[in-house]
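Using my numbering, read the sequence shown as starting at 1091 and increasing by one per residue. Cβ atoms here follow ideal geometry from the backbone N, Cα and C, with glycine treated the same way.
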Amino acid sequence: MSVNDAVIALFLENAARSAAVVHRAEGAEQLRAKVSEIVGQEGDVFCPLVTELEKTAAADRARLVSDYASALVTVEEVSAAIAETGSIVCASSNGKAVQASLLPSHHVAIVPCDRIFATLDDFFAGFAAALPTNLTIITGPSRTADIELNLVIGVHGPERLDIIVV
């Protein structure tokens, strides 16, 4: 197992441990099929269609909406992933709004293998230029608990998180 394979395996393990549902896809056809399977007939879908992976993933263009606020699902390529925590990183760059990953009840994050970093330090070391205005680091579906320790899913973000590593 190469170092990169070990980092990917650690990311998948830690993301699953945080209650995200993890998937692998090899190439465009598997990505399209996986997104279609995950989204099913869930309702309106927001996809920024900024990256080639997003354009590939958005096979069912009839269900796409132009505003994430009216969508039940966001499908997007995220900026990076952190293996040590199983987290994904969403950034406000290339015209993307980080709110798109937080507002709909289901977030489908697409992560290219080469954007998975072993540690948070490795991720920040990869920035040669200034950081984006906003970074959101997400570990699993949104959860919160009150003083009585009653856990509630989906109050401050999506109640479902699927991650597809391509």
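Your pair E1174 and L1210 checks out as a contact, with CB atoms roughly 7 Å apart and the cut at 8 Å. Pairing D1157 with F1136, the inter-Cα distance amounts to about 7 Å. Secondary structure at V1201: strand, using DSSP grouped into helix, strand and coil. Excluding sequence positions up to five before and after D1150, its CB lies within less than 7 Å of the CB of S1126, all in the same chain and listed in chain order. The beta strand (DSSP E) runs of length 3 or more contained entirely in the segment 1099 to 1147 are, from start to end of the chain, 1111 to 1114. Burial check for F1217: the Cβ neighbour count within 10 Å stays below 16, so the residue is exposed. Note: S1177 is bridge-paired with I1172 in the DSSP secondary-structure output.
Take the alpha-carbon of S1169 and the one of V1179: they are about 6 Å apart.
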